[in-house]
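Asker: Take the sequence shown: its position 23, counting from 1, is numbered 22 in numbering that gives the first Met the number 0, and each next residue is one higher.
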Amino acid sequence: MSPSPSPLPLSETELAILELVATGATNREIAHRRGISEATVKKHLTNINAKLGTGNRTEAMRRALEQGLIHVGLDPLEASAEGAGGDDVALRAAQAEAARRLAEELERARRHSRRVVRGAGLGVLLLVLLLTGTAWLLRDRLAIVGNLPPSTPLPTPAVMREPQWQPIGRLPTARDGLALVQADGVYAIGGQDDQGLLADTLRYRRGIVAEWERMADKPSPVRDARAVEAQAFIVVPGGCDAAGQPSDRVEIYDTESDSWSTGPNLPVPVCDYALAYLTGRIYLFGGRTGTTVGSATNAVWSYRLGDPAWTTEPAMARPRSALAAAVIDGEAHLIGGEDEAGRPQINHWVFRPKASPVWQEDIGMELPAPRSGQVAIGVSVLRRIYLIGGSLDRDEPAALTLDLGGERVWEAFAAPRLQTPRRAAAAALRNDGREIWLAGGRALDGERLNAAYVLYQTPLFDRLLDARP
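1) In whole angstroms, give me the CA-to-CA distance for Ala-478 and Arg-407.
2) State buried or exposed for Asn-430, treating a residue as buried only when at least 16 other CB atoms are found within 10 Å of its CB.
3) Using 8 Å as the threshold, is the segment 378-395 in touch with the segment 348-359, meaning 3 or more CB pairs across them?
4) The beta strand (DSSP E) with Ile-16 in it runs from where to where?
5) For Glu-330, which residues does DSSP report across the bridge?
6) Could you say which of Ile-281, Ile-327 and Gly-189 lies nearest to Arg-222 if we only look at CA atoms?
7) Who pairs with Pro-245 in a beta bridge, going by DSSP?
8) Note down the Cα distance separating Ser-246 from Ser-219, rounded to an integer number of angstroms.
9) Taking the beta strand (DSSP E) that Leu-322 falls in, what are its first and last residues?
10) Can you check which of these residues, Ala-63, Thr-53 and Ala-413, is closest to Ala-15 by C-alpha distance?
11) Here's the rule I'm using: 16 or more other beta-carbon atoms within 10 Å means buried, otherwise exposed. How should Lys-42 be labelled?
12) Leaving aside the five residues before and after Gln-359 along the sequence, list all residues of the same chain whose C-beta is less than 6 Å from its C-beta, in chain order.
13) For Thr-400, is the classification buried or exposed, using 16 other Cβ atoms within 10 angstroms of its Cβ as the cut-off for buried?
14) Please classify Pro-268: is it buried, with 16 or more other beta-carbons within 10 angstroms of its beta-carbon, or exposed?
15) Name the two residues that bound the continuous beta strand (DSSP E) containing Glu-312.
16) Do Glu-13 and Asn-46 have their CB atoms nearer than 8 Å?
17) Closer than 8 Å by C-beta to Ala-209: which residues in its own chain qualify, once you throw out the five before and the five after it? Chain order, please.
18) For Leu-44, which residues from the same chain have a beta carbon less than 6 Å from its beta carbon, with the 5 sequence-adjacent residues on both sides left out?
19) Is it the case that the Cβ atoms of Ile-251 and Val-180 are separated by a distance below 8 Å?
20) Applying the criterion that 16 or more other CB atoms from any shown protein chain within 10 Å of the CB defines a buried residue, is Ile-29 buried or exposed?
21) Is it right to say Ile-207 is buried, meaning 16 or more other beta carbons lie within 10 angstroms of its own, or is it exposed?
22) Hey, could you find the ends of the alpha helix (DSSP H) Glu-69 is sitting in?
23) With C-beta atoms as the reference, is Val-299 less than 8 Å away from Pro-318?
24) What's the gap between the Cα of Gly-217 and the Cα of Gly-67?
25) In this structure, how does DSSP classify Gly-514 when only helix, strand and coil are distinguished?
26) My assumption, with CB atoms under 8 Å, is that Ala-425 sits in contact with Leu-177. Please give the rounded CB distance.
27) Between which residues of its own chain and Tyr-276 is the CB-CB distance below 8 Å, once the five residues before and five after are set aside?
28) Thinking C-beta only, is Leu-437 closer than 8 Å to Tyr-452?
29) Using DSSP with H/G/I as helix, E/B as strand and the rest coil, what is Val-40?
30) On a CA-only basis, which of Pro-236, Leu-196 and Gln-163 is nearest Arg-174? Give me that one, please.
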């Protein structure tokens, strides 16, 4: 194994900022003391984290202390003011004492972590030895009773707990009809709260306190729009205004410059559609072209970033709005939705842009009961579709899952226990499907929700990959 590369050297400015962090100074205080903007401080901290391989300012400060890059003592800026008076000397002494206490606490935490790791390793070793001994004992006894040869291996049942939704930072306000998308982070865009339409562009930021960070506002606030990421850009077509009137505007967010621009308009105004990114193209399925359910359409359009216009694709079999799309292996599964009379449906159609015919319809994997307004996520590695919401019937499960590699039958799946979304939530896929994100929506009683959750599926992935030859 080749040695790991040495960390990149920190500049004098970055070292000075880290020493200020070690004194407990906030980003605003650091900016004031260094005579720079708070945004510049954040940029320096981002560079520091990249160089040290850390995730936030606290980890970076700890890493710098461990490597001896900085030393805990007087505030590096105020140290130059020695001799300025008794009060200043007392202030510097207090700051130095606080910093020393911080360093001692970090060292205690490191010692405690080492003890925990050693203890956990010993516990795992003892457990493995115990299970191994028990297995040998059972094998020998079964060999005697069943007249089996002692070398016959016994099957080991695989026990896997169902993944559970974990709550994360709440949205600033309760909202529904928003879009959720993974780009250089997870973004929540638009929607509607109790005060009206939202122009929010929020990016989830992990840290000591996880929060949704406000980015540049979307130029035209909408609800019931979807979003996809393409080449580091987030594309949001159409959507509804406060009166339910669809829009034909296409707005594109640049994640690198934190700015919005416009793309080619949709052929017609549309909202409450399904959206999928397949083979380098964005596909928009169905939706409403007016304010009434009777305006549901069966049209399909596609767009490649940089094209001058949207392209008309083969239409769906029947008009649908409030439907959901899940992508599996380059194919879009279109599930449920409402017809022109506003009635929820059970349909499950598959759109295959590279096949002939393009559409597979009524393929025997229809929903067990009609649904509309749900969100769907496809995890290609698992060949599994997850469906959240879509039914206001208390007797119906809040979430369903379909194993395309198994029995191909929809089954109930665990939904978040608190603030369970039943309609108009948003979902996104992260880390190749190891994480499913869910945010906002409306509950059974119609109340808007501000909860956000993550479903971690790493154990399921690891078991699947280990089973592969």
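No residue lacks a Cβ here, since even glycine has one placed at the ideal position from N, Cα and C.
In this text, all values refer to a predicted model and were calculated from it rather than measured experimentally.
Answerer: In brief:
1) Because the chain spans 0 through 468 in this model, residue 478 falls outside it and cannot be assessed.
2) exposed
3) no
4) First-last for Ile-16: 11-21, but that is the alpha helix (DSSP H), not the beta strand (DSSP E).
5) Ile-327
6) Gly-189
7) Cys-239
8) 10 Å
9) Here Leu-322 belongs to no beta strand (DSSP E), and DSSP marks it neither H nor E.
10) Ala-63
11) exposed
12) Val-349
13) buried
14) buried
15) 310-312
16) yes
17) Ile-167, Gly-168 and Tyr-203
18) Arg-56
19) no
20) buried
21) exposed
22) One point to set straight first is that residue 69 is Ile, not Glu, in the sequence displayed. Taken as a continuous stretch (DSSP letters only), Ile-69 belongs to no alpha helix (DSSP H), as it is neither H nor E.
23) no
24) Looking at the sequence provided, one finds Lys at residue 217 rather than Gly. Whole-angstrom Cα-Cα distance: 44 Å.
25) No statement about residue 514 is possible, as the shown extent of the chain runs from 0 to 468 and does not include it.
26) 5 Å
27) Val-227, Glu-228, Ala-229, Tyr-282 and Val-326
28) yes
29) helix
30) Leu-196
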